[in-house]
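Here's the structure, in structure tokens; my notes come after.
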DNA sequence: CTTGTATCAGACTGAACGGTCTGCTACAAC
DNA sequence: GTTGTAGCAGACCGTTCAGTCTGATACAAG
């Protein structure tokens, strides 16, 4: 049975995730992943049928972790009574974690997955799309509750506004890369919260 | 002298831009570019010393065009008297062009340039960074004027708020890709304008 | 102890890639 | 007309890559 099976497998996934996030998918060779994870060709292709297969699992795992963060944030703000403040606390949750996030990863795997579409397994944008929809659905209902509490239901497109959190994350990743300054992540999330505060409190 | 020189060169650049935007830089082979532009290896390497060289010129040209759009937008809203309305008209300029933009390109070249860093010529993120700074500088001064007109100078980080337009563009490109729906570009720019309106008019 | 199987190692292969080289073609200068 | 050169064509080359294959190793079951 497993000598070191699951460990090797996850080590490959971890190393590959880091490399793909840093350099892109096509620019990351299997040999590179093997060397960085201290394993071999035989081991790699024992665990993954192809490079595309690895990419698919990578995206799936990343999207799952992403949705898990969403759930954690929702649980965190559940206790905030006022719906408007709950929305702001929800975004604030990510503001607080922004700096740590940027020390852990220099970019989002989604960016590579969406840019190098044909390189990841065919339906690999599927998990991304589903994650986006999960964020939209949950955040939009927070926003709807806040708008309803102020008697302003229907005044704004809560779906688009909810998507704007994803947009802020992805855009901020690219902004950080273009300037080399990871502090932009926190700054952009803070701006978004300030904008939301103005909209919901006006 | 030139038989068809400048035409062939720009045709290669045009075709390469489209392919790189669609599929990424590493996934676009020189052979592919040659075939799609109806030219040959000899011609390609006569005009560009390497694939990286092409990438560098591609990014430079794209960034120049990007800054040109900024200048056009600024000129367009110059006549708007009220500083707050001028800011909203500035963003509105892009809202109006969003749908057309998405028919012309399915993504932003910046995304590929920033993701596949090592593949484009060494300083290729330079032009991107300079373009970002140009947008920030010009848009931030519009924002500062609007804040000053309402006697609220210093209340918000106008630099970060200005960067948020870039963030919205790039994030919306990825959102469109993840859902396959190009209408998100317009929706996100519209949301950003609505948020700015709430902030500046409150 | 033997057998079966999951795991891993690494030499090898065929294809694709970026880039080179030789030479052709059209035009300009004289 | 001759010569020089920018522009272009495409065969060719060395390397790198994803993926295969043969076999070793360790452990579980009987």
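Residue numbers (UniProt numbering), protein chains in the order written: chain W, 1 to 202; chain X, 1 to 202.
Glycine is no exception: its CB is placed at the ideal position from the N, C-alpha and C atoms.
- DSSP places residue 144 (chain X) in the uninterrupted alpha helix (DSSP H) bounded by 125 to 149.
- Only residues of its own chain outside the window of five on either side were considered, and among them 24, 25 and 26 have a CB closer than 8 Å to the CB of residue 116 (chain W), listed in chain order.
- At a beta-carbon threshold of 8 Å, the residues of chain X lying near residue 110 (chain W) are 174 and 178, ordered along the chain.
- With contacts defined as CB atoms closer than 8 Å, residue 87 (chain X) and residue 201 (chain X) fail to qualify as a contacting pair.
- Residues of chain W whose Cβ lies closer than 7 Å to the Cβ of residue 156 (chain X) are, in chain order, 194.
- Each of W:195, W:82, W:8 and W:176 was checked against the Cα of residue 149 (chain W), and the nearest Cα belongs to W:82.
- With the criterion set as a beta carbon lying under 8 Å from some beta carbon of chain W, the region 46 to 62 of chain X has no members that meet it.
- Residue 155 (chain X) is positioned such that its CB atom lies no closer than 8 Å to that of residue 143 (chain X).
- Residue contact with chain X for residue 161 (chain W): present (Cβ-Cβ distance below 8 Å to some residue of chain X).
- Any Cβ of chain X closer than 8 Å to the Cβ of residue 191 (chain W) would place that residue at the interface, and such an atom is present.
- The shortest C-alpha to C-alpha distance from residue 29 (chain W) to any of W:141, W:192, W:68 and W:119 is the one to W:119.
- In the displayed model, residue 181 (chain W) falls within coil according to three-state DSSP, outside both helix and strand.
- CA-CA distance, residue 74 (chain W) to residue 90 (chain W), rounds to 7 Å.
- Distance from the Cα of residue 126 (chain W) is smallest, within the candidate group W:55, W:169, W:68 and W:178, for W:55.
- Chain-ordered, the chain W residues with CB closer than 7 Å to the CB of residue 187 (chain X) read 157 and 160.
- Counting C-beta pairs closer than 8 Å gives three or more between the region 168 to 188 of chain X and the region 97 to 108 of chain X, which meets the contact rule.
- A straight line joining the alpha-carbon of residue 134 (chain X) with that of residue 141 (chain X) spans about 11 Å.
- Counting the other Cβ atoms within 10 Å of the Cβ of residue 160 (chain W) gives 16 or more, which makes it buried.
- Here the alpha carbons of residue 112 (chain W) and residue 20 (chain W) stand approximately 7 Å from one another.
- In the three-state scheme derived from DSSP, where H, G and I count as helix and E and B as strand, residue 57 (chain X) is classed as helix.
- In chain order, 171, 174, 175 and 178 make up the part of chain X whose C-beta sits under 9 Å from the C-beta of residue 166 (chain W).
- Put simply, the CB of residue 137 (chain W) is far from chain X, with every gap to its CB atoms at 8 Å or more.
- By the C-beta criterion, the region 181 to 200 of chain W is judged to be in contact with the region 96 to 104 of chain W, since at least 3 inter-stretch pairs fall below 8 Å.
- Annotation for residue 48 (chain W): 12, 54 and 57 place their beta carbon closer than 8 Å to its own, counting only its chain and skipping 5 residues before and after.
- Under the DSSP assignment, residue 104 (chain W) falls in the alpha helix (DSSP H) whose first and last residues are 83 to 104.
- Within the model, the alpha-carbon separation for residue 92 (chain W) versus residue 164 (chain W) is close to 15 Å.
- Under the three-state reduction of DSSP output, residue 76 (chain W) falls in the helix class.
- Residue 114 (chain W) and residue 70 (chain W) have their C-alpha atoms spaced approximately 20 Å apart.
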